[in-house]
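The number in this note's numbering is simply the position in the sequence shown, starting from 1, with 33 added.
In this text, a Cβ means the ideal position worked out from N, Cα and C, and glycines have one as well.
Let me begin by presenting the structure, written as structure tokens, before commenting on it.
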Amino acid sequence: MRAVPAPTVIAISNQKGGEGKTTTAVNLAASIAAAEHRVLLIDMDPQGNASSSVGYPNGVAEQGTYDLLMGLAGPSEVVQSTELPMLDVVPSSMDLAGAEVELVEVERRESVLARSLPALLEHREYEYVLLDCPPSLGLLTINALVASTSVLIPMQAKYFSLEGLGALNNTIEAVREAFNPGLSVEGIVFCMFDNRTNLARQVVQEVGEHFEGLVYDTRIPVNIRLSESPSHGKPALLYDIESKGAQAYLALAREVLARREGQAEESTRP
Ligand code: ADP
Ligand code: MG
34 MRAVPAPTVI AISNQKGGEG KTTTAVNLAA SIAAAEHRVL LIDMDPQGNA
84 SSSVGYPNGV AEQGTYDLLM GLAGPSEVVQ STELPMLDVV PSSMDLAGAE
134 VELVEVERRE SVLARSLPAL LEHREYEYVL LDCPPSLGLL TINALVASTS
184 VLIPMQAKYF SLEGLGALNN TIEAVREAFN PGLSVEGIVF CMFDNRTNLA
234 RQVVQEVGEH FEGLVYDTRI PVNIRLSESP SHGKPALLYD IESKGAQAYL
284 ALAREVLARR EGQAEESTRP
């Protein structure tokens with residue numbers, strides 16, 4: 034039997050709302066899947082925007098993230114297929130908001146997702162698991178960070194976005210200390226980027242100095258197709274592959290995969 038390599042579990046996180054988390058989770062997941070890697074997207078946000086962006090608006094799937102975390106359903110019930118053969122999703126709906134409260138009573142409540150992952154990974158041999166996190170620091174985000182190998186941070190090149198980044202960095206440090214010492218920063222991607230402003234360039238420079246080597250060269254421009262495609266239940270590459278938005282996420286996926294391959298080579302070098 035072929036040994037199954039450990040999958041890369043990436044939390045797409047930023048405590049600030051509206052920075053591009055969901056757009057990045059959906060379109061990066063789709064772009065990695067389009068590059069022929071098996072991807073599972075788990076919607077950890079009760080708003081369910083990632084789910085509707087791949088064809089599962091609130092309530093369409095009977096079971097999802099809530100049922101998974103509460104132990105009410107197994108992988109074959111919560112994993113749903115999408116239009117892309119290499120991309121599956123565990124969708125969420127409003128009921129997931131209840132999990133934030135109900136998890137408080139659960140033993141080892143921070144690692145409920147981490148404990149559910151092996152069964153999902155046995156279900157289908159995913160190479161990448163992407164977690165779309167909510168814009169808050171509750172138990173859902175903590176569960177995502179505890180279950181992950183790394184955090185990918187989407188952010189805007191704006192002044193208040195720097196504060197959000199600082200707060201997230203403190204959270205990552207706290208999660209490392211308490212639960213998940215191996216948690217790394219996968220990378221930082223600038224979303225809704227407009228290179229024409231001085232402020233944007235300054236923010237990019239400042240973040241680059243603090244997080245050396247972690248800022249992706251690929252920047253996601255403001256692109257109307259990225260905001261339209263969710264209402265069609267499609268990632269941008271299935272809605273308009275020629276669009277600047279779809280192309281930017283394909284480029285980001287190539288960068289993420291190239292970094293990963295570079296790391297794999299380093300670790301096998303004698
Ligand atoms: P978050 O998940 O961090 O709250 P979203 O990905 O939902 O952020 O993005 C917030 C809003 O901005 C959404 O309406 C989304 O469609 C829009 N948006 C995100 N990225 C882009 C982009 N590059 N171009 C245009 N609109 C975008
Ligand atoms: Mg979101």
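Residue i and residue j closer than 8 Å at C-beta
i, j, result
"V222", "V184", "no"
"Y99", "A132", "yes"
"F212", "P254", "no"
"M103", "A66", "no"
"L178", "V208", "yes"
"Q189", "C166", "no"
"A44", "L164", "yes"
"A279", "T251", "no"
"Q48", "P168", "yes"
"S260", "P268", "no"
"S149", "G266", "no"
"R292", "Y272", "no"
"L73", "V123", "yes"
DSSP state of residue i mapped onto helix, strand, coil
i, result
"A44", "strand"
"E52", "coil"
"L163", "strand"
"P151", "helix"
"A291", "helix"
"A297", "helix"
"V123", "strand"
"R35", "At R35 the pLDDT is 48, less than 50, meaning the model places this residue with poor confidence; the figure from the coordinates comes in the next sentence. Residue state, collapsed to three classes: coil."
"L259", "helix"
"S84", "helix"
"G278", "helix"
"D24", "Because the chain here runs from 34 to 303, residue 24 falls outside it and cannot be looked at."
"V139", "coil"
"V59", "helix"
Run of the beta strand (DSSP E) containing residue i, from where it starts to where it stops
i, result
"E135", "Note, E135: premise wrong, no beta strand (DSSP E); alpha helix (DSSP H) at L129 to E135."
"D250", "Premise fails: D250 is in no beta strand (DSSP E) and is neither H nor E."
"P118", "Where P118 is concerned, there is no enclosing beta strand (DSSP E), given that its DSSP letter is neither H nor E."
Residue range of the unbroken alpha helix (DSSP H) whose run includes residue i
i, result
"S109", "P108 to V111"
"G241", "N231 to H243"
"G197", "Y192 to A211"
"V179", "L172 to A180"
"D100", "T98 to L102"
"L271", "A269 to Y272"
Buried or exposed by the 16-neighbour rule on C-beta atoms within 10 Å, applied to residue i
i, result
"E158", "exposed"
"M127", "exposed"
"Y282", "buried"
"I186", "buried"
"Q235", "exposed"
"P40", "buried"
"V59", "buried"
"V134", "exposed"
"L105", "exposed"
"Q238", "exposed"
"Y192", "exposed"
"G81", "buried"
"H243", "exposed"
"V145", "buried"
"T232", "First, the amino acid is wrong: residue 232 is Leu here, not Thr. So L232 ends up on the exposed side."
"V248", "buried"
Near ligand 4: residue i beta-carbon under 7 Å from a heavy atom
i, result
"N82", "Annotation note on ligand 4: not contained in the displayed structure, which lists ligand 1 and ligand 2 as its ligands."
Short CB-CB distance (under 8 Å) between residue i and chain C
i, result
"C166", "Checking the listed chains, one finds no chain C in this structure; it contains a single protein chain."
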